[in-house]
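**Student:** Heads up: the protein sequence lines correspond to chains A and B, in order. Residue numbering for the first sequence follows the numbering used here, starting at 1 and increasing by one per position. Residue numbering for the second sequence follows the numbering used here, starting at 1001 and increasing by one per position. Each residue gets a CB set at the ideal place from its N, CA and C atoms; glycine is no exception. Nothing here was measured: the structure is a model prediction, and the numbers come from that model.
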Amino acid sequence: MTNALETKQLVKKFGGVVAIDRFSVQIRKGEITGIIGPNGSGKTTFINVLTGISAMDGGRVVIGDQQEKGGIKAWEVFELGIARTFQNIRLFEQMSVQDNVLIAMTKRSPLAALFERHRDIHETLVKEVLTRVGLYDKRRALAKELSYGQRKLLEIARALATSADMILFDEPFAGLFPEMVRVVSDILKELRAGEKTVVLIEHDMAIIRELCDRIIVMDAGQLLAEGMPKQVLTNPAVIEAYLGV
Amino acid sequence: MKTETLLQLKDVSVQYSGVHALDHVTVTLDEGEIVALMGPNGAGKSTILKAMFGLAPITHGEVLWHERAFTPISHEVVERGIAFVPQGRRVFSGLTVRENLEVGGYANRDKKLTSARIDEVLELFPALKTKLFVPSGSLSGGQQQQLAIARGLMTDPKVLLLDEPSLGLAPKIVKEVFALMQEINARRNTAIMVVEHNIKSLLSVATRGYVLDKGRVVAHGKPKELMKSNVLENVFTGKI
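1) List the residues of chain A that K1175/B touches, going by C-beta distances under 8 Å, in chain order.
2) Of all Cβ atoms in chain B, is any one closer than 7 Å to the Cβ of Y136/A?
3) What distance in whole Å lies between the Cβ atoms of V232/A and A225/A, which are believed to be in contact at a cut-off of 8 Å?
4) Do the stretch 150 to 165 of chain A and the stretch 72 to 85 of chain A meet, that is, are 3 or more Cβ pairs less than 8 Å apart?
5) Can the beta-carbon of V1097/B be found closer than 7 Å to that of L1132/B?
6) Following the continuous beta strand (DSSP E) through F1125/B, name the residue where it begins and the one where it ends.
7) Compare the C-alpha of M218/A against each of D21/A, L211/A, M1/A and name the closest.
8) Under 8 Å, with one C-beta from each stretch per pair, do the stretch 1075 to 1091 of chain B and the stretch 1147 to 1167 of chain B reach the 3-pair mark?
9) Are there three or more Cβ pairs, one per stretch, closer than 8 Å when the stretch 179 to 186 of chain A is compared with the stretch 90 to 109 of chain A?
10) Taking contact to mean 3 or more Cβ pairs, one atom from each stretch, closer than 8 Å, check whether the stretch 68 to 79 of chain A and the stretch 1004 to 1017 of chain B are in contact.
11) The stretch 1039 to 1065 of chain B: which residues have C-beta closer than 9 Å to a C-beta of chain A, in chain order?
12) Per DSSP, which one or two residues make a beta bridge with M1254/B?
13) A174/A touches chain B at which residues, Cβ-Cβ below 7 Å?
14) Consider the Cβ of N39/A: report whether some Cβ of chain B lies at a distance smaller than 7 Å.
15) Which of the three DSSP states is assigned to K13/A in this structure?
16) What three-state label does DSSP hand D1030/B in the structure shown?
17) Decide if S1140/B is buried, meaning its Cβ has at least 16 other Cβ atoms within 10 Å, or exposed.
18) Just verifying my parser: in three-state terms, what is the DSSP assignment at A1191/B?
19) Would DSSP call R1090/B helix, strand or coil?
20) Can you round the beta-carbon distance between F46/A and F23/A to whole angstroms, since I take them to be within the 8 Å contact cut?
21) Using only the alpha-carbon positions, how far apart do K1045/B and V129/A sit?
22) Is the beta carbon of F1125/B closer than 7 Å to that of A1150/B?
23) What residue from L142/A, K13/A, V11/A, T33/A has the CA that sits closest to M228/A's CA?
24) Can you pull out the residues from the stretch 179 to 204 of chain A whose beta carbon lies closer than 7 Å to at least one beta carbon of chain B?
25) Anything in chain B within Cβ reach of F23/A, meaning under 7 Å, just list it in chain order.
26) Can you check whether the CB of A174/A is closer than 7 Å to the CB of E93/A?
27) Could you say which of V1134/B, A1056/B, H1066/B lies nearest to V1091/B if we only look at CA atoms?
28) Counting only C-beta atoms, is P1126/B closer than 7 Å to chain A at any point?
29) Could you give the DSSP three-state label for T1114/B: helix, strand or coil?
30) At which residue ranges does the stretch 36 to 73 of chain A contain complete beta strand (DSSP E) runs of 3 or more residues, listed in the order of the chain?
31) Check F173/A in the structure and name its three-state DSSP category.
32) In or out: I1073/B buried (at least 16 other Cβ within 10 Å) or exposed?
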């Protein structure tokens, strides 16, 4: 199976703190790869580096069949076919739900997108993704008026609207009620069925077991374990560091 | 002996931009209780906590403290002994962990007491001990969540309002947070009202629960009664 992404000896430091420490992993194309690990183990920092939010301090990264690179810039993430959601939700608060999605669909500047006459294709896609996450009825509400769970769903809708080949989800299920957990979990399965690559940071082990083809476990910025969910979740080192007795 | 009702929303309505977030809701929190608020996203659970803490526009009804109506204004509410840990770990990211805890203890009006409280809460969250002088914005999401809860405990509150305390925490820490909730409740007799999606864990520690849907209370009772009835399933699957 081909890799959608590979890191080689990736390093990220914050001052004297090594957040990612010689981290080498492969994310396989068309699979759902779970990233788990204790709080502060570097999971979010890892996807921040992959999406240009944080610059890497060492190592190399290979996206698909492209040449390996020494870093990823935020502006090139869209071109690389990568989208993500944030753990700490980042929406345009004063804009409508619909406009938040429309902005994600365009690679022009947000300001230009606001004044654009959206073509039917844009409106159709907005309707499709908002209906998928159950927010179509709220399309004219401002993002700031949504509840926490609804805001998470809007983040997911925005990521879906980019049509990216690889989507990195940072705790998409946190704060969602069970019915919406099922909806989001179906969305992730559909992405996999459509040969998209999904990277999922999640603390709910039932979800990890159900969805993930492979799991990567991080601890203190390093790779603690990787493999199939069954093997990894019974690994004594993983139980000790992360799951607890 | 009758337990005293500490905090109550009586027939309260809250509107945001004309939309009813709460629609004539009555909920109570008695001395020594852990009360669970459950329901779908957007049901009004967080709004209940905000209304009690003076952070939601109440358009009808009243808030009662020790059965007397009062107008909740956040800083006064803290001085009455009510602490609120909001959803989404809203720490002061430019301040260090210690400074965040000091801000949480501001209402103590006593530096020595605040210092002693910092030592006490750090015993509950040892992961923060080594990060005391680190800007809280550079903590991981889970560590920020722990800091938000720790900050809420700085005034040794009589009432603790927790909005999704387990959000973003590793399984090992989630277990510790629920155990901690019980410990605070048992040891300090702190009454706790908590919003949480982790229903099973929540009902295992709660003394009572309310189920909300579309801004209304659709059921309330003891955990066993709620688990036996279909109400939770019906609400979460949209059958109500």
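**Tutor:** Taking the geometry as given:
1) What K1175/B touches in chain A: G244.
2) At a cut-off of 7 Å between beta-carbon atoms, Y136/A makes no contact with chain B.
3) That pair is a contact at about 5 Å.
4) A contact exists between the stretch 150 to 165 of chain A and the stretch 72 to 85 of chain A.
5) Going by C-beta atoms, V1097/B is nearer than 7 Å to L1132/B.
6) For F1125/B, there is no enclosing beta strand (DSSP E), as DSSP marks it with neither H nor E.
7) Among D21/A, L211/A, M1/A, the Cα nearest to that of M218/A belongs to D21/A.
8) Touching, yes.
9) With the cut-off at 8 Å, the stretch 179 to 186 of chain A and the stretch 90 to 109 of chain A do not touch.
10) At 8 Å Cβ cutoff, the stretches do not touch.
11) Considering only beta carbons, the part of the stretch 1039 to 1065 of chain B lying closer than 9 Å to chain A consists of G1039, P1040, N1041, G1042, A1043, G1044, K1045, S1046, T1047, in chain order.
12) With chain B running from 1001 to 1240 in the structure shown, residue 1254/B is simply not present.
13) Scanning chain B for C-beta atoms nearer than 7 Å to the C-beta of A174/A yields L1167, G1168, reported in chain order.
14) So yes, N39/A belongs to the interface.
15) Note: K13/A maps to strand in three-state DSSP.
16) Of the three classes helix, strand and coil, the one that applies to D1030/B here is strand, per DSSP.
17) Buried is the call here.
18) In the displayed model, A1191/B falls within a strand according to three-state DSSP.
19) Three-state DSSP puts R1090/B in coil, outside helix and strand.
20) Confirmed, about 7 Å.
21) Each residue's alpha carbon lies about 26 Å from the other.
22) The answer is yes: Cβ separation under 7 Å.
23) Taking M228/A as reference, the option from L142/A, K13/A, V11/A, T33/A with the minimal CA-CA separation is T33/A.
24) Correct list: E179, M180, H203.
25) Here the premise fails: no neighbours, minimum Cβ distance about 16 Å.
26) With respect to the 7 Å criterion, E93/A and A174/A are not classified as neighbours on the basis of their beta carbons.
27) For V1091/B, the nearest C-alpha among the options comes from V1134/B.
28) Taking Cβ atoms only, chain A never reaches closer than 7 Å to P1126/B, which makes this a no.
29) In this structure, T1114/B counts as helix in the three-state DSSP scheme.
30) Entirely contained in the stretch 36 to 73 of chain A, the beta strand (DSSP E) runs reaching 3 residues are, in chain order, 58 to 63.
31) In the three-state DSSP reduction, F173/A falls in the coil class, being neither helix nor strand.
32) By the C-beta density criterion, I1073/B is exposed, having fewer than 16 other C-beta atoms within 10 angstroms.
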